[in-house]
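>
Residue numbers (our numbering): -15 to 292.
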């Protein structure tokens, strides 16, 4: 029994039990019963139709299986017949060859046809190979030449950089030397200015010549005499120290030795002044040269000049 049949039997058993039903619910239960019976009948019809379809499909599959087996069997029989006929034919040929031996003639085959212009093809292939080798050689030569140019240019740049560095160092040394000479000249000018204001002193030292262009001159220095210690005197209130200082600043020396000494110092100062002007001109030229070359290439190895 299927599930639907069990359900229908259970409902029929329930409906047959009179103790469950009452008079008021008889109509409602009867309607429900009828609806359930209709549903069960439709379900039974569907299940029967599905079972019939499955039976038909099963029959068709059985028939297909049987027909496939028959086809396989027929094919096997056909193949076996063909194989038997081939075996019989081979045996017959062997028997005929044994009974009637014949000389075997090798067929004379013609030469295989040669394609047209085969030599031209070989020549073209040789030309292509030679051209490729020549191009490869030219490429390698170009690479070697380019590498050689790069090496030469690098060496040239290194040499130029070294030369410029040496030139900058030489210019720096010249500037430093001129700067030192300028400082010495300024110090000498200060000393000469003191001599001009206060007059030459008796213990004035000889100024060494630091510049090669200035000829060395003998400077006579008056021997310093020991000072005599005088007794203490009261200051004269009527003494005008401003007038005395002004007269002493412009007063000329009385001794001929001091006159020669002062004249030599003045001549030396004039020559140093001329040399200072020349050094300043050279310095201005060098500074202008450095300013023009500063934008082209800056050298980090050159130290800075001292400040004024």
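Here a beta-carbon is modelled for each residue, glycine too, at the ideal position from N, C-alpha and C.
So, with DSSP's three-state summary, where would you put residue 93?
coil
> Throw me the rounded Cβ distance for the residue 131 and residue 263 pair, which I believe falls under 8 Å.
Contact flag wrong, Cβ pair sits at about 50 Å.
> Is any non-hydrogen atom of the ligand MG found closer than 8 Å to the C-beta of residue 165, if you look at the structure I gave you?
This structure lacks the ligand MG; in fact it carries no ligand of any kind.
> Can you tell me which of the three DSSP states residue 84 falls into?
Three-state DSSP puts residue 84 in coil, outside helix and strand.
> In chain order, what residues of the same chain have a beta carbon less than 6 Å from the beta carbon of residue 365, not counting five sequence neighbours either side?
Any answer about residue 365 is impossible in this case: the structure gives the chain only from -15 up to 292.
> If we ignore side chains and look at the alpha-carbon of each, how far apart do residue 167 and residue 151 end up?
Cα to Cα, residue 167 sits roughly 24 Å from residue 151.
> In angstroms with no decimal places, state the Cα-to-Cα distance between residue 45 and residue 21.
36 Å
> So which of 270, 42, 29, 37 has the shortest CA-CA distance to residue 160?
270
> Would you say the stretch 249 to 259 touches the stretch 168 to 177, given that touching needs at least three Cβ pairs under 8 Å?
yes
> Near residue 71, what residues of its chain come up, given a Cβ to Cβ distance below 6 Å and the 5 sequence neighbours on each side ignored?
none
> Can you tell me whether residue 253 is buried or exposed? The criterion is at least 16 other CB atoms within 10 Å of its CB, across all chains shown.
buried
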